[in-house]
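Under numbering that gives the first Met the number 0, residues 0 to 605 are what the sequence shown spells out, in order.
Glycine included, every Cβ here is placed at the ideal spot set by N, Cα and C.
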Amino acid sequence: MLRFDHEELALMPSLRALYAADVRFVEVIGKWLIALAQSINARPPALRLLDEQRASGWFDRSDMVGYCAYVDRFAGTLAGVERRVGYLRDLGVRYLHLLPFLRTRSGDNDGGFAVRDYGEVDPALGSNTDLASLTAVLRAQGISLCADFVLNHTADDHAWALAAKSGSVTHQDYYHRIADAGLVARYEATLPEVFPMSAPGNFTRVDALDGWVWTTFYPYQWDLNWSNPKVFAEMSLAMLRLANLGVEVFRIDSAAYLWKRLGTACTNLPECHLVLRALRAVAAIAAPGVLLKAEAIMPMRELPRYFGSGGRGGEECHLAYHSSLMAATWAGLATQRADIVASVLTRSPRPPSGCAWINYVRCHDDIGWQVLAHEAAGHGGCAPFDLDWVARFYAGEVAGSYAQGEAFQSQGLEHAHGSNGMAASLVGLHRAIASGDAEQQQLARRRLLLLYGLCLSGAGVPLLYMGDELALGNDESFRLHPQRRLEGRWLHRPAMDWVLADAVDAGDGIAAATHATLRRWIGLRAAHPELAPSAPLRAWTDPGSAVLVVARGENFLALFNFTDHVQTLDLRTPDHGDAWFDVLAGCRCLSPLRIEPYGTHWLVRQ
Numbered sequence: 000m001l002r003f004d005h006e007e008l009a010l011m012p013s014l015r016a017l018y019a020a021d022v023r024f025v026e027v028i029g030k031w032l033i034a035l036a037q038s039i040n041a042r043p044p045a046l047r048l049l050d051e052q053r054a055s056g057w058f059d060r061s062d063m064v065g066y067c068a069y070v071d072r073f074a075g076t077l078a079g080v081e082r083r084v085g086y087l088r089d090l091g092v093r094y095l096h097l098l099p100f101l102r103t104r105s106g107d108n109d110g111g112f113a114v115r116d117y118g119e120v121d122p123a124l125g126s127n128t129d130l131a132s133l134t135a136v137l138r139a140q141g142i143s144l145c146a147d148f149v150l151n152h153t154a155d156d157h158a159w160a161l162a163a164k165s166g167s168v169t170h171q172d173y174y175h176r177i178a179d180a181g182l183v184a185r186y187e188a189t190l191p192e193v194f195p196m197s198a199p200g201n202f203t204r205v206d207a208l209d210g211w212v213w214t215t216f217y218p219y220q221w222d223l224n225w226s227n228p229k230v231f232a233e234m235s236l237a238m239l240r241l242a243n244l245g246v247e248v249f250r251i252d253s254a255a256y257l258w259k260r261l262g263t264a265c266t267n268l269p270e271c272h273l274v275l276r277a278l279r280a281v282a283a284i285a286a287p288g289v290l291l292k293a294e295a296i297m298p299m300r301e302l303p304r305y306f307g308s309g310g311r312g313g314e315e316c317h318l319a320y321h322s323s324l325m326a327a328t329w330a331g332l333a334t335q336r337a338d339i340v341a342s343v344l345t346r347s348p349r350p351p352s353g354c355a356w357i358n359y360v361r362c363h364d365d366i367g368w369q370v371l372a373h374e375a376a377g378h379g380g381c382a383p384f385d386l387d388w389v390a391r392f393y394a395g396e397v398a399g400s401y402a403q404g405e406a407f408q409s410q411g412l413e414h415a416h417g418s419n420g421m422a423a424s425l426v427g428l429h430r431a432i433a434s435g436d437a438e439q440q441q442l443a444r445r446r447l448l449l450l451y452g453l454c455l456s457g458a459g460v461p462l463l464y465m466g467d468e469l470a471l472g473n474d475e476s477f478r479l480h481p482q483r484r485l486e487g488r489w490l491h492r493p494a495m496d497w498v499l500a501d502a503v504d505a506g507d508g509i510a511a512a513t514h515a516t517l518r519r520w521i522g523l524r525a526a527h528p529e530l531a532p533s534a535p536l537r538a539w540t541d542p543g544s545a546v547l548v549v550a551r552g553e554n555f556l557a558l559f560n561f562t563d564h565v566q567t568l569d570l571r572t573p574d575h576g577d578a579w580f581d582v583l584a585g586c587r588c589l590s591p592l593r594i595e596p597y598g599t600h601w602l603v604r605q
């Protein structure tokens, strides 16, 4: 009751702002409050204890490192994941993000993001009992489970969609149904296209509805109508049911798209933030140990708002993907310019207390370049650069490119959208292995480690993508799969190679070496409180070199050479001389420090 009294200050004003004008509001919210109380009473004792033990910002630790994987690609089923928890623990993982595992649409399903049932694990992956068992085992090992929560849309064979197609007016109002072709055209005039090549437009004609349904992503993903209070009631309760099965973090998929308004891009609207604020309050009331993580792949100017109150209040999501930093790091690597990354880091606001960025190198999606449009135009403190050239570089389409990637949804050479590929392939490692060029293999491996060295030492919770710790490459087999062959992002969704993984301690190849290095670096990160997500960060590019310098606190420096040639850096300061120790190399540094091509150093004052 005390939690409700406190969180009501955020919850009820948000709900009234969203729904007070709707005649259904009082009845819907009255019934919802009863169901909310039932959900609270149904929370298992072990999870109640976890709620009580966790203080705000419980993830703000230097040993908090995440790992992201598809259930089936990683271990087949949830039970299979449970059998591999030891592997994750030994790597140093404390946060496991499993991509969508709820019952999904029959046929094409966007990698599980077309959800058919929010209350049931997909039978191909296990059962709700398996999920509860996995979360219990993870908790025992100090690992928190993050699950995707797809708020923007359901599958077109979800029970609500089927009822809508059968004529239920109530359920038709769960979605955006438009009967007027002219109104569809007026909306389209200001809407961007997420998948301009494979799924152009934002609406799909559905004969059973005698009109169009809003489909931002794919025709089989129907956008939910969040202006309907019943949608909020149903979805928030679905979230709590999953929380009661042990999910500790919810990745709020497509957070920026939840609200629609004619004449706008229908992204980042104020009502999106009210929905997130209300959801956070619901979680704080019913499951206060649970976190919300915003997946809003938007330019830097929009990102801090997903923490709440313009990025100052922390009333919305606890975590948010730092997509601009991810893309900037790849752009910096291609152009051999550290200033692009320094610009983004310098302008990244420090999240509110109890919040943090998610730092990542790769994920199941493409590298989206348009988040850097502002920086590429020469704004934000760095000289202009050509995003289209960067995209072509990672598609291997420019002279001197080492990358083995592919363009994604790009309309010609001058309209870059995204790039696909596993990190090890994008940095040129597998091309170098195929050619037998030992020198290029070494450079490629340094590029991969530079990316993760920055990810691990930046201000945020670092997230490893499955297979990167083994330097796994692209998976070309998707081209033979009838449902995946037209979805290029499957290039970087390989199956886990457990033969390699199980042999890392005895092996001496690239996979074993990469795994050993990242495991050691994760351990070193855990030993340095300066690398906790909330610890202060300053970043700059040394005027005499192309080295990115990242300072964490007063006594820790991370150095990154973004070029293919040796750089030197003077470490001497008036008050400390050159007394630095390189924790990665395990030795004292001499000044000036010689930094090998694509070299990474973590230094602490002695």
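Check                                                                                                               : Outcome
Beta carbon of LEU273 nearer than 8 Å to that of SER13                                                              : yes
Nonlocal neighbours in the same chain, by C-beta distance under 7 Å from GLY585, ignoring five residues either side : none
Nearest to HIS363 (by Cα), restricted to the options SER544, THR214, ILE594, GLY110                                 : GLY110
C-beta neighbour in chain B for ALA502, strict 8 Å                                                                  : You won't find chain B in this structure, because it holds only one protein chain.
Outcome for ASN267 when other beta-carbon atoms lying within 10 angstroms are tallied against a minimum of 16       : buried
Separation of THR215 from PRO195, as counted between CA atoms                                                       : 11 Å
Complete alpha helix (DSSP H) runs within the stretch 504-566 (minimum length 4 residues, chain order)              : 509-525
Buried versus exposed call for VAL168 [16 or more other C-beta atoms within 10 Å across all chains shown]           : exposed
Where the alpha helix (DSSP H) through VAL80 begins and ends                                                        : 77-82
Buried/exposed call for GLN171, threshold 16 Cβ in 10 Å                                                             : buried
Own chain partners of ASP574 with C-beta closer than 6 Å, once the 5 adjacent residues on each side are dropped     : At ASP574 the pLDDT is 49, less than 50, meaning the model places this residue with poor confidence; the figure from the coordinates comes in the next sentence. The answer is none, since no qualifying residue turns up.
Test item: CB-CB of PHE100 and LEU77 under 8 Å                                                                      : yes
The stretch 319-328 touching the stretch 130-144, judged by at least three CB pairs closer than 8 Å                 : no
Outcome for VAL22 when other beta-carbon atoms lying within 10 angstroms are tallied against a minimum of 16        : exposed
Pick from TYR305, ALA390, LEU386, LEU324 that is closest to PRO351, judged by C-alpha positions                     : TYR305
Exposed unless 16 or more other CB atoms sit within 10 angstroms - verdict on GLY404                                : buried
Euclidean distance between Cα positions of ILE521 and ASP209                                                        : 56 Å
GLY417: first and last residue of the uninterrupted beta strand (DSSP E) it sits in                                 : 417-419
Paired residues, beta bridge with HIS152 - DSSP                                                                     : ASP222
4-residue-minimum alpha helix (DSSP H) runs that sit fully inside the stretch 54-134, ordered along the chain       : 70-74, 77-82, 84-90
Residues near VAL460 in its chain [Cβ-Cβ closer than 8 Å; skip 5 each side]                                         : PHE58, MET63, VAL64, GLY65, TYR94, LEU318, ALA355, TRP356, ILE357, ASN358, PRO532
Neighbour-count burial assignment, ARG571, 16 or more Cβ in a 10 Å radius                                           : exposed
Option in GLU81, PRO199, PHE148, ALA232 with minimal Cα separation from LEU35                                       : ALA232
Proximity winner among ASN419, ALA538, ALA550, SER544, relative to HIS527 (alpha-carbon distances)                  : ALA550
Limits of the unbroken alpha helix (DSSP H) element including ASP338                                                : 338-346
Per-residue DSSP class, three states only, for ASP252                                                               : strand
Length-filtered (3 minimum) beta strand (DSSP E) runs lying within the stretch 274-315                              : 290-293
Minimum C-alpha distance to TRP497 - residue among ASN40, ILE28, ARG82                                              : ARG82
Extent of the continuous alpha helix (DSSP H) run through ILE142                                                    : Element bounds for ILE142: n/a, residue is neither H nor E.
For PRO493 and LEU471, believed in contact at Cβ under 8 Å, the rounded distance                                    : 5 Å
SER418, buried or exposed, once every other Cβ within 10 Å from all chains shown has been counted against 16        : buried
Residue of ALA534, HIS564, ALA382 minimising C-alpha distance to GLY60                                              : For clarity, residue 60 is Arg in the given sequence; the question names Gly instead. Among ALA534, HIS564, ALA382, the Cα nearest to that of ARG60 belongs to ALA534.
Reduced DSSP category for SER493 - H, G, I as helix; E, B as strand; rest coil                                      : With the sequence shown as reference, residue 493 is identified as Pro, and Ser is not the correct amino acid for it. Three-state result, PRO493: coil.
CYS586, DSSP secondary structure in three states                                                                    : strand
Contact between the stretch 381-398 and the stretch 333-353 (3+ Cβ pairs under 8 Å)                                 : yes
Check whether VAL114 and HIS157 have beta carbons under 8 Å apart                                                   : yes
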